[in-house]
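Colleague:
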Amino acid sequence: RKEVEQDPGPFNVPEGATVAFNCTYSNSASQSFFWYRQDCRKEPKLLMSVYSSGNEDGRFTAQLNRASQYISLLIRDSKLSDSATYLCVVRDSSYKLIFGSGTRLLVRP
Amino acid sequence: EPEVTQTPSHQVTQMGQEVILRCVPISNHLYFYWYRQILGQKVEFLVSFYNNEISEKSEIFDDQFSVERPDGSNFTLKIRSTKLEDSAMYFCASTRTDRGLYNEQFFGPGTRLTVL
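As given, the protein sequences belong to chains A and B, one line each in that order.
If you're matching positions, the first sequence starts at 103 in the numbering used here and goes up one per residue.
If you're matching positions, the second sequence starts at 91 in the numbering used here and goes up one per residue.
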């Protein structure tokens, strides 16, 4: 089983749409959780951390379900500039980051 | 805003040659990492480094790889004898501390290594 699993997409949505990405992780001892964004041929950049109680940052909402080992990201009112690959990332007790393969989002005009 | 820098941006080499990829982490950071991403695949951890020694390494990081912090600013990844399968984007990352569950690792722009 993959350590961090994501639907690769692509998700092709119109501007203004709401889109949700899901992710599952295999290691129940994982300590912290993140969504990173990666543009084509660029470095990963932190989008937001994911806290146990769920958290929101503007149009972005992240949720964590430790019992199901499931993480989600909701993007409301999609913008063209949201087009990117969204990486689900988990950190274990050794502090290294474990990346999913990413979900590609295309926002069309 | 401080950032991680990496040089070169693109390195082309012949199979069997040695390459050194360079990184300058953010100046007050203490923990350093190398990751790689083969084209079309996920980002993979290679090695973490603290206090002038390796903290952890993955199974990818075999005897052909080494890391060094030769002075107070640079952090290097050396591949002794490159193979075709070493072709990838190599990202350096740094963080100020490992304390706290949500300390951000800041990534450099990457070095694209092409082995011919």
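Quick reminder that beta carbons are idealized off the backbone N, C-alpha and C, glycines included.
Please read all numbers here as calculations on a predicted model, not as lab measurements.
Is there at least one Cβ from chain A nearer than 8 Å to S99/B's Cβ?
Modeller: no
Colleague: Going by other Cβ atoms of all chains shown within 10 Å of its Cβ, with 16 needed for buried, is E130/B buried or exposed?
Modeller: Note on identity: in this sequence residue 130/B is Gly, with Glu being the wrong assignment. Exposed.
Colleague: Would a check of beta-carbon distances place P115/B closer than 8 Å to chain A?
Modeller: no
Colleague: Spell out whether any CB of chain A is found under 8 Å from the CB atom of S194/B.
Modeller: In the sequence under discussion, the amino acid at residue 194/B is Glu, which differs from the Ser named in the question. Contact of E194/B with chain A is assigned, a C-beta pair being separated by under 8 Å.
Colleague: Once the 5 residues before and after V157/B are set aside, which same chain residues still bring their CB inside 6 Å of it?
Modeller: V137, F139, L167
Colleague: Helix, strand or coil for S183/A, going by three-state DSSP, please let me know.
Modeller: helix
Colleague: Quick one, which residues of the stretch 184-199 of chain A are near chain B if we go by CB-CB under 8 Å, in chain order?
Modeller: L189, R193, S196, Y197, K198, L199
Colleague: In or out: K198/A buried (at least 16 other Cβ within 10 Å) or exposed?
Modeller: buried
Colleague: Is S171/B close to chain A? Criterion is C-beta to C-beta, closer than 8 Å.
Modeller: no
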